[in-house]
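Undergrad: Supplied in structure tokens, the structure appears directly below.
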Amino acid sequence: MKKAKVYFTTFKATEQENLLQKLHRLMKSAGFEEIEFQDKYAAIKIHFGEYGNLAFLRPNYARVVADYVKELGGKPYLTDCNTLYVGSRKNALDHMETAYINGFSPYQTGCHVIIGDGLKGTNETLVPIDGEYVKEAKIGAAVMDADVFISLTHFKGHEMTGFGGALKNIGMGCGSRAGKMEQHCDGKPSADEELCVGCGACRRICAHGAPVIEDGKAVIDHEKCVGCGRCLAVCPKDAIQADFTDSIALLNYKIAEYSLAVCKDRPCFHVSLICDVSPNCDCHAENDIPIIPDVGMLASFDPVALDQACADLCNQMPAVKGSMLDDHLEEHKEKAKEGDCDHFHMTHPDAEWRCGIAHAVKIGLGTDQYELIRI
Numbered sequence: 004m005k006k007a008k009v010y011f012t013t014f015k016a017t018e019q020e021n022l023l024q025k026l027h028r029l030m031k032s033a034g035f036e037e038i039e040f041q042d043k044y045a046a047i048k049i050h051f052g053e054y055g056n057l058a059f060l061r062p063n064y065a066r067v068v069a070d071y072v073k074e075l076g077g078k079p080y081l082t083d084c085n086t087l088y089v090g091s092r093k094n095a096l097d098h099m100e101t102a103y104i105n106g107f108s109p110y111q112t113g114c115h116v117i118i119g120d121g122l123k124g125t126n127e128t129l130v131p132i133d134g135e136y137v138k139e140a141k142i143g144a145a146v147m148d149a150d151v152f153i154s155l156t157h158f159k160g161h162e163m164t165g166f167g168g169a170l171k172n173i174g175m176g177c178g179s180r181a182g183k184m185e186q187h188c189d190g191k192p193s194a195d196e197e198l199c200v201g202c203g204a205c206r207r208i209c210a211h212g213a214p215v216i217e218d219g220k221a222v223i224d225h226e227k228c229v230g231c232g233r234c235l236a237v238c239p240k241d242a243i244q245a246d247f248t249d250s251i252a253l254l255n256y257k258i259a260e261y262s263l264a265v266c267k268d269r270p271c272f273h274v275s276l277i278c279d280v281s282p283n284c285d286c287h288a289e290n291d292i293p294i295i296p297d298v299g300m301l302a303s304f305d306p307v308a309l310d311q312a313c314a315d316l317c318n319q320m321p322a323v324k325g326s327m328l329d330d331h332l333e334e335h336k337e338k339a340k341e342g343d344c345d346h347f348h349m350t351h352p353d354a355e356w357r358c359g360i361a362h363a364v365k366i367g368l369g370t371d372q373y374e375l376i377r378i
């Protein structure tokens, strides 16, 4: 496979060109106008940030992408799917409220927010991919309804996958609640006995008779459960939870296959901004100081090459003094001397990202070989 083109620019600005104008030029240079947008619906996948987190991308960047789509005759909308965990984005109403609080209103971004998997996280499209680990991906319906797919990613650290890049934004981010559960575990939820009040909402919603009420508490029969996730959506006490049992490698493999489900058979374009590189995901209701200085903006038609380029650029940067990375480098001086210079692995030693890139290459989503074109 030939090298993919990844376009890169720094965050240095001039009196003649601010950062928003620079992002537009980056996208133009990377071939954004090669996509046919006239009268097409364009989904812009972004992470709105959990309430309390301040590391997420500023909505100004989303405005650049939305305006560019409209300039080319398209109909853009910002989208993300509901979270599997309990937080400020677990249903569409809370999710949109959080998005607006964090600045992603139509007045700021120039386009509307549509939560990809609906009110309770159950509005999904089943996408057959026949992968090694996923046979039928469960993707938010509003994501799959789009004619063109654009990922706008805040590149940052992640406590499980090493970093949260384009593949994480696409694969995990576009999964419905059941899709997220499938990626994180074997697809079978359980009831927390301490939280459950035995109301029976899970039993009533289930078409397969998996939840039963025993001694006033819900118990889910995994032999009957099909992992649809609807019980998670209806539980009034958030007592139904996913069992996070799979390995880090398997999580990365499934994210890659879900990304393929989202991207295949339609025009796609990917942008990643390496700024405010917090050690953990924007799903956290807080953010620690960045682990490295801001790097720049990148764009490509290949999400795999984009992630690889972002990781390589990050690993060329020094650690920010006093950051989690700096603390860990101090704790593991000997490992660093032995050549373990990967910032993301050093930040979260139990995390792993290279296997996800390798699997994405294996299944044909893209290549890890790239030409970095600086503009």
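Under our numbering, the sequence shown has 365 at position 362, and the numbering climbs by one with no breaks. Beta carbons are placed, not taken as given, at the ideal position from N, Cα and C, and that holds for glycine.
Can you give me the start and stop residues for the alpha helix (DSSP H) that residue 361 sits inside?
TA: Counting along the chain, the alpha helix (DSSP H) containing residue 361 begins and ends at 357 to 365.
Undergrad: Using only the alpha-carbon positions, how far apart do residue 45 and residue 80 sit?
TA: C-alpha separation (whole angstroms): 6 Å.
Undergrad: Curious, which full-length alpha helix (DSSP H) runs of at least 4 residues does the stretch 287 to 333 contain?
TA: Runs of the alpha helix (DSSP H) inside the stretch 287 to 333: 306 to 318.
Undergrad: Which same chain residues end up closer than 7 Å to residue 275 when comparing Cβ atoms and leaving out the 5 residues on each side of it in sequence?
TA: These residues qualify, in order along the chain: 156, 158, 168, 169, 301, 309 and 313.
Undergrad: If I follow the unbroken beta strand (DSSP E) through residue 142, where does it start and stop?
TA: Run containing residue 142: 139 to 143, per the beta strand (DSSP E) assignment.
Undergrad: Considering only the alpha carbon of each residue, which of 66, 50 and 77 lies closest to residue 151?
TA: The residue with the shortest Cα to Cα distance from residue 151 is 77.
Undergrad: So does residue 205 have its beta carbon nearer than 6 Å to some heavy atom of the ligand ADP?
TA: For the ligand ADP, the structure offers nothing, since it holds no ligand at all.
Undergrad: Taking 7 Å as the CB-CB cut-off, is residue 223 touching chain D?
TA: As a matter of chain content, chain D is missing from the structure shown, which is built from one protein chain.
Undergrad: Quick one: what's residue 178 bridged to in DSSP?
TA: Its beta-bridge partners are 142.
Undergrad: Taking the alpha-carbon of residue 259 as reference, which of 296, 289, 305 and 244 has the nearest alpha-carbon?
TA: Among 296, 289, 305 and 244, the Cα nearest to that of residue 259 is on 305.
Undergrad: How far does the alpha helix (DSSP H) with residue 392 in it extend, from its first residue to its last?
TA: With the chain running from 4 to 378 in the structure shown, residue 392 is simply not present.
Undergrad: In whole angstroms, give me the CA-to-CA distance for residue 316 and residue 298.
TA: One C-alpha to the other measures close to 7 Å.
Undergrad: May I have the straight-line CA-CA distance separating residue 318 from residue 85, to the nearest angstrom?
TA: If you take the alpha carbons of residue 318 and residue 85, they lie about 31 Å apart.
Undergrad: If distances are taken between C-alpha atoms only, which option among 23, 192, 30 and 73 comes closest to residue 43?
TA: Checking every option, the nearest Cα to that of residue 43 belongs to 73.
Undergrad: Keeping to the same chain, check which residues put their C-beta closer than 8 Å to that of residue 323; ignore five residues upstream and five downstream.
TA: Result list for residue 323: 292, 293, 294, 295, 296 and 329, in chain order.
Undergrad: DSSP three-state label for residue 46, please.
TA: In the structure shown, residue 46 sits in a strand (DSSP, three-state: E or B).
Undergrad: According to the Cβ coordinates, are residue 252 and residue 228 closer than 7 Å?
TA: Contact flag unset, no.
Undergrad: By the 10 Å Cβ neighbour count, where 16 or more other Cβ atoms means buried, how is residue 203 classified, buried or exposed?
TA: So residue 203 counts as exposed.
Undergrad: Under the three-state reduction of DSSP, which class applies to residue 62: helix, strand or coil?
TA: Here residue 62 sits in helix by DSSP.
Undergrad: Label residue 233 either buried or exposed according to how many other C-beta atoms from any shown protein chain fall within 10 Å of its C-beta, with 16 as the threshold for buried.
TA: The residue in question, residue 233, is buried, as its Cβ has 16 or more Cβ neighbours within 10 Å.
Undergrad: Just tell me which of 153, 119 and 224 has its CA closest to the CA of residue 142.
TA: Measuring from the Cα of residue 142, the nearest candidate turns out to be 119.
Undergrad: I'd like the span of the alpha helix (DSSP H) that includes residue 104, first residue to last.
TA: Note, residue 104: alpha helix (DSSP H), 95 to 104.
Undergrad: What residue does the alpha helix (DSSP H) around residue 275 start on, and which one ends it?
TA: No alpha helix (DSSP H) contains residue 275, which is instead part of the beta strand (DSSP E) from 271 to 277.
Undergrad: Hey, out of 283, 176, 180 and 333, whose CA is closest to residue 266's CA?
TA: Here the closest residue by C-alpha is 176.
Undergrad: Do the CB positions of residue 101 and residue 91 come within less than 7 Å of each other?
TA: Contact: yes.
Undergrad: Residue 236 and residue 199 look like a contact to me (Cβ under 8 Å); what is the Cβ gap, rounded to whole Å?
TA: The Cβ separation is near 15 Å, so there is no contact.
Undergrad: If we call anything under 7 Å between Cβ atoms a contact, is residue 50 one with residue 285?
TA: Contact: yes.
Undergrad: If you follow the alpha helix (DSSP H) that residue 235 is part of, which residue opens it and which one closes it?
TA: Where residue 235 is concerned, the enclosing alpha helix (DSSP H) stretches over 233 to 237.
Undergrad: Measure the CB-CB distance between residue 47 and residue 153 and report whether it falls below 7 Å.
TA: Taking 7 Å as the Cβ cut-off, residue 47 and residue 153 qualify as a contacting pair.
Undergrad: Thinking residue 132 and residue 140 are a contact (beta carbons under 8 Å), I'd like their distance in whole angstroms, please.
TA: Rounded, the Cβ-Cβ distance is 6 Å, consistent with contact.
Undergrad: Do residue 303 and residue 273 have their C-beta atoms closer together than 7 Å?
TA: Their beta carbons are under 7 Å apart, which means residue 303 touches residue 273 by this criterion.
Undergrad: May I ask which residues mark the beginning and end of the beta strand (DSSP E) holding residue 351?
TA: Careful: residue 351 lies outside any beta strand (DSSP E) and carries neither H nor E.
Undergrad: Taking buried to mean at least 16 other C-beta atoms within 10 Å of its own C-beta, is residue 250 buried or exposed?
TA: Per the 10 Å Cβ criterion, exposed.
Undergrad: Spell out the partners DSSP gives residue 7 in its beta bridges.
TA: DSSP, once it has assigned bridges, lists 373 as partnering residue 7.
Undergrad: Give the DSSP-derived three-state secondary structure of residue 223 in the structure shown.
TA: Note: residue 223 maps to strand in three-state DSSP.
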